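**Student:**
Below, the structure is given as C-alpha cells:
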C-alpha cells in the first residue's frame, strides 16, 4: 500500500501537510492490524466542482477504517485497507453515487489504481454501483453449480430436508401488540442449536439455492398461515426473501409469480422482508426490488447492515420500514446501542419506520424500546414458536418474568390491531 | 435542619459524564460515592461492599437497570435503590414504573435538578427500609 501511494506521489517522508500527516498516521495504525494482507488497491475520484462539497460527501460516506486524501482540488484518493477487492469496489462506487448526489447529478470519474508486476501504476475505470451489483450476482451464478431446477416449483423444498421453520413474535411498540410473526427457516446443527439465514444453505453463494429456499419458505408460510386462519388467527407473517432473488429479473419474476398464485386474503397477511441487502443501495435500485413485491403483499420491509444509515428517499421506494438484525453481531453492546440510536435517528429524518430483530438481551431490548424502534423482535422479548400464534398484547414486564417467582401469565388480547399499512 | 450522617452511595450508570455529575453532587452533600459502569459491575461491587443507597440508570449495556434492581432486591431485600432514566421519552417512563414495581424506592426522570436528586436521596435514606449492611 505504501509503495503504491509513493508511486502516486504521496510520500509520507516528503509530505509535511497536516492532512496528509493525519492520513498516514491513521493508515499506519490500520496497516499494522492487517499487515501484508492489506488491500493493495486505491481509488481515485475526480470531479470538476468545488472540492468542499466533494470532501463533505466523501466524509459522510466513509466507514470505520476507510480513509480519504485530497490529492488536489479535483482529485481524491479513497483507501479501504481492510476490505476485499470486490467489497472495496462496491464501497468506492457507493461513495461516487453519494458524491454525484451531492453535486446534483454531475458525473464523477472513479478509477481503481494498483501496481503492476513491473511496479508500474495500472489504472482501470470503476463500473457504476448497479453494474457492480449485477456483476457480483452473475459471478456467483457462474461459479455455482446448479443444485435445483428453478423451473419446477413442485420440487421446492425437496432439497432442504433438514430445514424447519420457527416463528418469531414481533412487537409493535406503539400499540404494545404482538401481531406479526417473522418466519425463520432454521437448520438444527446440534440438539437445540440452530443455524438460520444463509447458513441453512449448503452453498450460500448459489443464487438458485437461495431462490429455492425463498420459494420453500413462501410455500411453508402459506400453509402455516392457512392453518392459523382456519382457527381464527389474525396475525401477519413477515416472510424473508433474499436480495439475490430479487436482484435478478428472471428469479424475481419467478418468485413473484409464486406470490401472485396466492389468494388476496393470503397476500394481505404477508409482509415481505428483503434480507441480505448490501447496504447503501441507490433509491432507484431499491424501487426495482420493492415494486414487484408490493403488488402481492401487505407491505415490504428491508433489513440493512448496522452501519448503513443512508435512507435518503427510501420512503418513496415503497419500503414500509428499514431494519437491523443484531443477533450475530460481534460488536460490544455499548457500540451496538450507539449504532441502534443512530439508525433510528437517520430513519426518522427520512420519515421511514424502523424494526430490529435478534434482540438477545434485556439491555438491548430496553435500548431498542427506549431508542424508539417501531417494531422489535428477538428472544429477549420471548421465545420463538414452533407454530405462529394469534395476536396478543405485550406487557412490559413479560421479559423480566423469568427473574421473578412464578406468577400469572399476561392476559391475551381480544382485539386485532392493524400494524402494517395496506398498500 | 437535622444534620445528615454521611452515607455510602453506589452509582450505576454507563455514561461517564453522568457518573461524574452525580458523584460531584453527592460528594458535595457529604456522601461517600462508588461507581460502576453497568449492572453486572454494580451488583459485583455491591456484593463486595454493600452501600446505603444505590442510584442506577436504566438503559445500560450488558446488564440494564430493571434487571439489576430485580437481582439486587432479590438478594438484598432491604436495599435502597433510586432508579433514573431519560424522561424525555414516554417509553423510558414505562421502565421507571417497572423499576418501582420491582423494588426501587424512588424514581427520577432525567433531566432532574440537584435539589430533586438530593431530596430523593434524603427521602430514601430517611425511609423505613434498613440498609443491607451495618
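Chains as they are written, first to last, in the working numbering: chain R, 106 to 528; chain L, 164 to 297. All C-beta atoms, glycine included, are put in the ideal place defined by N, C-alpha and C. Everything numeric in this text was worked out from a predicted model, so none of it was measured.
Do the CB positions of residue 257(L) and residue 501(R) come within less than 7 Å of each other?
**Tutor:** As a first step, residue 257(L) is located in the second chain; it is residue number 94 there, counting from the start. As a first step, residue 501(R) is located in the first chain; it is residue number 396 there, counting from the start. In this structure, residue 501(R) lies closer than 7 Å to residue 257(L) by Cβ.
**Student:** If distances are taken between C-alpha atoms only, which option among 177(L), 171(L) and 270(L) comes closest to residue 223(L)?
**Tutor:** Within the second chain, numbered from 1, the residue matching residue 223(L) stands at position 60. Checked all of 177(L), 171(L) and 270(L); the closest Cα to residue 223(L) is 177(L).
**Student:** Between the Cα of residue 457(R) and the Cα atoms of 475(R), 494(R), 499(R) and 414(R), which residue gives the shortest distance?
**Tutor:** Within the first chain, residue 457(R) is the residue found at index 352, counting from 1. Cα-wise, what sits closest to residue 457(R) is 414(R).
**Student:** Is it buried or exposed for residue 278(L), if we count other Cβ within 10 angstroms and need 16 for buried?
**Tutor:** Residue mapping note: residue 278(L) aligns to position 115 of the second chain, counting from 1. That one is exposed.
**Student:** Considering only residues of the region 440-488 of chain R, which uninterrupted beta strand (DSSP E) runs meet the minimum length of 3 residues and lie entirely inside it, listed in chain order?
**Tutor:** As far as the region 440-488 of chain R is concerned, its whole beta strand (DSSP E) runs of at least 3 residues are 458-462 and 480-482.
**Student:** Assuming residue 486(R) and residue 276(R) make a contact with CB atoms under 8 Å, what is their CB distance in whole Å?
**Tutor:** Taking the first residue of the first chain as position 1, residue 486(R) is located at position 381. Taking the first residue of the first chain as position 1, residue 276(R) is located at position 171. Confirmed, about 6 Å.
**Student:** For a test of the three-state rule: what should DSSP assign to residue 273(L), helix, strand or coil?
**Tutor:** Stepping through the second chain from its first residue, residue 273(L) is reached at position 110. It is a strand residue.
**Student:** Would you tell me roughly how many angstroms separate the C-alpha atoms of residue 191(R) and residue 382(R), rounded to the nearest one?
**Tutor:** The residue you call residue 191(R) lines up with position 86 of the first chain. The residue you call residue 382(R) lines up with position 277 of the first chain. About 16 Å.
**Student:** Does the beta carbon of residue 279(L) sit closer than 7 Å to a beta carbon anywhere in chain B?
**Tutor:** The question asks about chain B, but that chain is absent: this structure's protein chains are R and L.
**Student:** Give me the subset of the region 225-249 of chain L whose CB atoms are less than 9 Å from a CB atom of chain R, sorted by chain position.
**Tutor:** From the region 225-249 of chain L, only 225, 226, 227, 228, 229, 230, 233, 234, 237, 248 and 249 have a Cβ closer than 9 Å to chain R.
**Student:** What first and last residue would you give for the alpha helix (DSSP H) that runs through residue 130(L)?
**Tutor:** Examination of residue 130(L) is not possible in this model, given that chain L is present from 164 through 297 alone.
**Student:** Going by DSSP in three states, residue 185(R) sits in which element: helix, strand or coil?
**Tutor:** For the purposes of this step, residue 185(R) is taken as residue 80 along the first chain, with counting starting at 1. Of the three classes helix, strand and coil, the one that applies to residue 185(R) here is coil, per DSSP.
**Student:** Residue 257(R) to residue 344(R), Cα distance in whole Å?
**Tutor:** The residue labelled residue 257(R) in the question sits at position 152 within the first chain. The residue labelled residue 344(R) in the question sits at position 239 within the first chain. Unreliable positioning characterises residue 257(R) in this predicted model, as indicated by a pLDDT of 38, which lies under 50. The coordinate reading is nonetheless provided below. In a straight line, the C-alpha of residue 257(R) is about 21 Å away from that of residue 344(R).
**Student:** Go to residue 342(R), then tell me how far its beta strand (DSSP E) extends in each direction, as first and last residue.
**Tutor:** Position 237 of the first chain, counting from 1, holds the residue named residue 342(R). Its beta strand (DSSP E) spans residues 341-347.
**Student:** Within this structure, are the beta carbons of residue 455(R) and residue 416(R) separated by less than 7 Å?
**Tutor:** Numbered from 1 along the first chain, position 350 holds the residue referred to as residue 455(R). Numbered from 1 along the first chain, position 311 holds the residue referred to as residue 416(R). Taking 7 Å as the Cβ cut-off, residue 455(R) and residue 416(R) qualify as a contacting pair.
**Student:** Decide if residue 230(R) is buried, meaning its Cβ has at least 16 other Cβ atoms within 10 Å, or exposed.
**Tutor:** The residue given as residue 230(R) occupies position 125 in the first chain. When all chains shown are included, residue 230(R) counts as exposed.
**Student:** For residue 258(R), which three-state DSSP category applies?
**Tutor:** Taking the first chain and counting its residues from 1, one reaches residue 258(R) at position 153. In this prediction, residue 258(R) has a pLDDT of 39, which is less than 50 and means its spatial position is unreliable; what the coordinates show is noted afterwards. Coil.
**Student:** Counting only the same chain and skipping the five closest in sequence on each side, list residues whose C-beta sits under 6 Å from that of residue 482(R).
**Tutor:** As a position in the first chain, residue 482(R) is number 377, starting the count at 1. Result list for residue 482(R): 273, 275, 287 and 462, in chain order.
**Student:** Would you say the region 310-322 of chain R touches the region 462-476 of chain R, given that touching needs at least three Cβ pairs under 8 Å?
**Tutor:** Judged by Cβ distances under 8 Å, the region 310-322 of chain R makes no contact with the region 462-476 of chain R, as fewer than three pairs qualify.
**Student:** At a CB-CB cut-off below 8 Å, which residues of chain L make contact with residue 508(R)?
**Tutor:** Here residue 508(R) refers to the residue found at position 403 of the first chain. Ordered by position in chain L, the residues that pass the 8 Å Cβ test against residue 508(R) are 230, 233, 234 and 237.
**Student:** Identify each residue in the region 256-274 of chain L for which the Cβ-Cβ distance to at least one residue of chain R is less than 9 Å, and report them in chain order.
**Tutor:** Answer set for the region 256-274 of chain L: 257, 258, 260, 261, 264 and 265.
**Student:** Distance cutoff 7 Å, beta carbons only. Does residue 222(L) sit that close to anything in chain R?
**Tutor:** Here residue 222(L) refers to the residue found at position 59 when the second chain is read from its first residue. With 7 Å as the cut-off, residue 222(L) counts as an interface residue toward chain R.
**Student:** Using three-state DSSP, classify residue 245(L) as helix, strand or coil.
**Tutor:** For the purposes of this step, residue 245(L) is taken as residue 82 along the second chain, with counting starting at 1. Strand, per DSSP.
**Student:** Taking only three categories from DSSP, how would you classify residue 204(R)?
**Tutor:** Locating residue 204(R) in the first chain gives position 99, where the first residue counts as 1. Residue state, collapsed to three classes: helix.
**Student:** What do you reckon, is the C-beta of residue 177(R) under 6 Å from a heavy atom of the ligand PLP?
**Tutor:** In the structure on display, the ligand PLP does not appear, and there are no ligands present to speak of.
**Student:** Cα-Cα, which of 150(R), 202(R) and 170(R) is closest to residue 178(R)?
**Tutor:** Taking the first residue of the first chain as position 1, residue 178(R) is located at position 73. The candidate whose alpha carbon is nearest that of residue 178(R) is 150(R).
**Student:** Taking all protein chains shown into account, decide if residue 153(R) is buried (16 or more other Cβ within 10 angstroms of its Cβ) or exposed.
**Tutor:** The count along the first chain starts at 1 and reaches residue 153(R) at position 48. Burial call: exposed.
**Student:** For residue 185(L) and residue 229(L), which I take to be in contact (beta-carbon distance under 8 Å), what is that distance rounded to the nearest angstrom?
**Tutor:** Counting from one through the second chain, the residue named residue 185(L) turns up at place 22. Counting from one through the second chain, the residue named residue 229(L) turns up at place 66. Between residue 229(L) and residue 185(L) the Cβ distance is about 19 Å, and since that is not below 8 Å, they are no contact.
**Student:** Roughly how many whole angstroms lie between the Cα atoms of residue 285(L) and residue 180(L)?
**Tutor:** Within the second chain, residue 285(L) is the residue found at index 122, counting from 1. Within the second chain, residue 180(L) is the residue found at index 17, counting from 1. The alpha-carbon atoms of residue 285(L) and residue 180(L) are separated by roughly 23 Å.
**Student:** Smallest Cα separation from residue 479(R): which of 459(R), 224(R) and 469(R)?
**Tutor:** For the purposes of this step, residue 479(R) is identified with residue 374 of the first chain, where counting begins at 1. Checked all of 459(R), 224(R) and 469(R); the closest Cα to residue 479(R) is 459(R).
**Student:** How long is the line joining the alpha carbons of residue 193(L) and residue 294(R), rounded to whole angstroms?
**Tutor:** As a working note, residue 193(L) is residue 30 in the second chain. As a working note, residue 294(R) is residue 189 in the first chain. If you take the alpha carbons of residue 193(L) and residue 294(R), they lie about 58 Å apart.
**Student:** Considering only their Cβ atoms, is the gap separating residue 399(R) from residue 423(R) smaller than 7 Å?
**Tutor:** Walking along the first chain from the start, residue 423(R) turns up at place 318. Walking along the first chain from the start, residue 399(R) turns up at place 294. The answer is yes: Cβ separation under 7 Å.
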